[in-house]
């Protein structure tokens, strides 16, 4: 039997690791990850495409005088509802924090809430990136089913509103220890702490092209997905950051799984 590659979150299989890696980048996968964090079952690709279609049909009936653009996330929103949902999202708050930190490093300071967006005239030709997800076979294309982040963030927004609210406060940041409450002055000191206190190291660090983003992603898995970074999807289900941290410390799982199928998950952070 030939090797197969799977995504447990979306419950699908792939014939090649390339298709699996491509799937991890797609909106359907990100949508199901949000549902998983909120303890909501995943949807199939057909269900996801139907929800996107229904949302578009509803949006066409909404009167729009102007669009709004978030400069922190570089995203255009066609409706006020989509923009308001985006402002409350974890992704926006994290992008805003990064933007402010960058400005502070450059010697700039001060910002207001209204700085996060600008109003622009609506355009009938807003470009959208086509979905490239392919299930099992590369012969089938999803080019005609396209979606934007603003559409996805509106879909079932009420289902994870509670999850959103808790998210930004508990997010583990690159200068925070993944396994305890220790906070370091910089990433280098944080890595040193995690090495000395928890025997943690980044696999193949010489090939890691973005340590900060990798730490941020690992932090999201632990603090938002309550997932052990060694067990990944195959491990126990936890319902708090404290519980999954306790598991990793007790079981000696303060290490990053970076072999087999897990290699595809972290492909964007490495360049071999």
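Residue numbers (full-length UniProt numbering): 1 to 272. All residues carry an ideal CB built from backbone N, CA and C; glycine is no exception. None of these values were measured; they are calculated from a predicted model.
Which partner residues does residue i have in the DSSP bridge list?
i, result
"residue 5", "14"
"residue 270", "208"
"residue 183", "176"
Who are the Cβ neighbours of residue i in its own chain at under 6 Å, not counting the five residues just before and after it?
i, result
"residue 30", "none"
"residue 192", "none"
"residue 292", "Outside the shown range of the chain (1 to 272) lies residue 292, about which nothing can therefore be said."
"residue 39", "none"
"residue 171", "223"
Nearest CA to the CA of residue i: which residue from the options?
i, options, result
"residue 69", "48, 84, 44, 55", "84"
"residue 208", "195, 267, 229", "267"
"residue 99", "72, 179, 260", "72"
"residue 251", "215, 198, 202", "198"
"residue 286", "80, 50, 101, 179", "The question about residue 286 has no answer here: the residues shown for the chain are numbered 1 through 272."
"residue 55", "81, 183, 94", "81"
"residue 253", "24, 272, 194, 271", "194"
"residue 213", "87, 76, 95, 15", "95"
"residue 216", "269, 42, 16, 6", "269"
"residue 44", "36, 53, 32", "32"
"residue 20", "28, 5, 11, 9", "5"
"residue 181", "10, 249, 41, 238", "249"
"residue 210", "174, 237, 238", "174"
"residue 9", "18, 17, 16, 35", "35"
"residue 205", "237, 238, 271, 186", "271"
"residue 101", "52, 238, 47, 186", "186"
Note down, in chain order, each residue of its chain lying with its Cβ closer than 8 Å to the Cβ of residue i, except the 5 sequence neighbours on either side.
i, result
"residue 262", "232"
"residue 257", "229, 230, 231, 232"
"residue 50", "none"
"residue 240", "226"
"residue 177", "183, 184, 190, 193, 194, 197, 198"
"residue 42", "9, 10, 11, 32, 35, 36"
Can you list, in chain order, the residues of its chain whose CB lies under 7 Å from that of residue i, leaving out five sequence neighbours each side?
i, result
"residue 161", "Unreliable placement is indicated for residue 161, whose pLDDT of 46 sits below 50; no coordinate value is reported for it."
"residue 139", "Unreliable placement is indicated for residue 139, whose pLDDT of 42 sits below 50; no coordinate value is reported for it."
"residue 23", "7, 14, 29, 133"
"residue 203", "256, 258"
Answer yes or no: the CB of residue i versus the heavy atoms of the ligand ZN, is any distance below 6 Å?
i, result
"residue 100", "The ligand ZN is not among the ligands present in this structure, which contains no ligands whatsoever."
Can we say the segment 217-229 touches the segment 239-247, given the rule of at least three CB pairs closer than 8 Å?
Three or more Cβ pairs closer than 8 Å define a contact, and the segment 217-229 meets that threshold against the segment 239-247.
Completely contained alpha helix (DSSP H) runs for the segment 190-236, where each covers 4 or more residues
Taking only runs of at least 4 residues, the alpha helix (DSSP H) segments lying wholly in the segment 190-236 are 211-223.
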